[in-house]
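Numbered per the numbering used here, the sequence shown spans residues 31 to 188. For each residue, glycine too, the CB sits at the ideal point set by N, CA and C. Because the structure is a prediction, the values reported are computed rather than measured.
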Amino acid sequence: MTEKAMFGAGCFWGVEVAFRAIPGVLDATVGYSGGHTEKPTYREVCAGRSGHAEVVRVEFDPERVSYETLVEKFFACHDPTQKNRQGPDVGSQYRSAIFTYSDEQKAAAEAVRDRVQASPKFNGRTIVTEIEPAKPFHAAEEYHQQYLARRGLGSCHM
């Protein structure tokens with residue numbers, strides 16, 4: 031039996047690559063969630079008009095990888111102390127967010143967040159990651175799926 035997890039950590043292309051590399055992750059789909067537009071487009075999300083965040087929905091085998099491991103990867107692959115931005119990408123569509131599918135996921139996400147916050151990694155900067163119940167997921171346009179892999183790139187970081 032598989033489970034789903036959903037994370038917003040800035041631009042979704044690099045985040046998708048990071049999750050696909052984890053043994054036990056069966057699929058990672060880029061898309062949009064957390065907003066008010068019923069069928070958001072990339073153009074609407076990028077313009078900040080939809081309220082949605084760029085997200086990655088992860089399907090995983092909990093027998094092979096724990097939800098906690100996925101949350102740890104989420105905190106490792108972006109800066110969760112930046113409000114509504116990641117690097118040069120600015121706007122609420124790039125917010126740090128964990129969208130949970132159960133009370134167990136919420137508790138686990140909060141526990142990992144608190145553990146990471148207590149570590150010296152962020153030098154006292156506060157984690158601003160939103161943790162909230164999952165809202166409808168809207169898959170991004172096909173040309174965004176596995177965008178970096180189809181171009182032979184391992185990441186979008188310079």
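Query	Result
I need the boundaries of the alpha helix (DSSP H) containing R73, first residue and last residue.	Y72 to C76
For E89, which of Q147, A148, M36 and P150 has the nearest alpha-carbon?	M36
Below 8 Å on the Cβ atoms is my guess for E84 versus Y124; work out the distance and round it to an integer in Å.	7 Å
Can you tell me which of the three DSSP states V95 falls into?	coil
Within 10 angstroms of its Cβ, does L100 collect 16 or more other Cβ (buried), or is it exposed?	buried
With a floor of 3 residues, list each beta strand (DSSP E) that falls wholly inside the segment 79-154, ordered by position along the chain.	83-90 and 126-130
What distance in whole Å lies between the Cβ atoms of F104 and I128, which are believed to be in contact at a cut-off of 8 Å?	7 Å
Leaving out five residues on either side along the sequence, give the residues of the same chain with a beta carbon under 8 Å from the beta carbon of F42.	V60, G61, E84, V85, V86, A170 and H174
Quick check on this structure: which residue in A138, V158 and R94 has the alpha carbon closest to the alpha carbon of Q116?	V158
What separation, rounded to the nearest whole angstrom, lies between the Cα atoms of T130 and E74?	24 Å
Using three-state DSSP, classify G61 as helix, strand or coil.	strand
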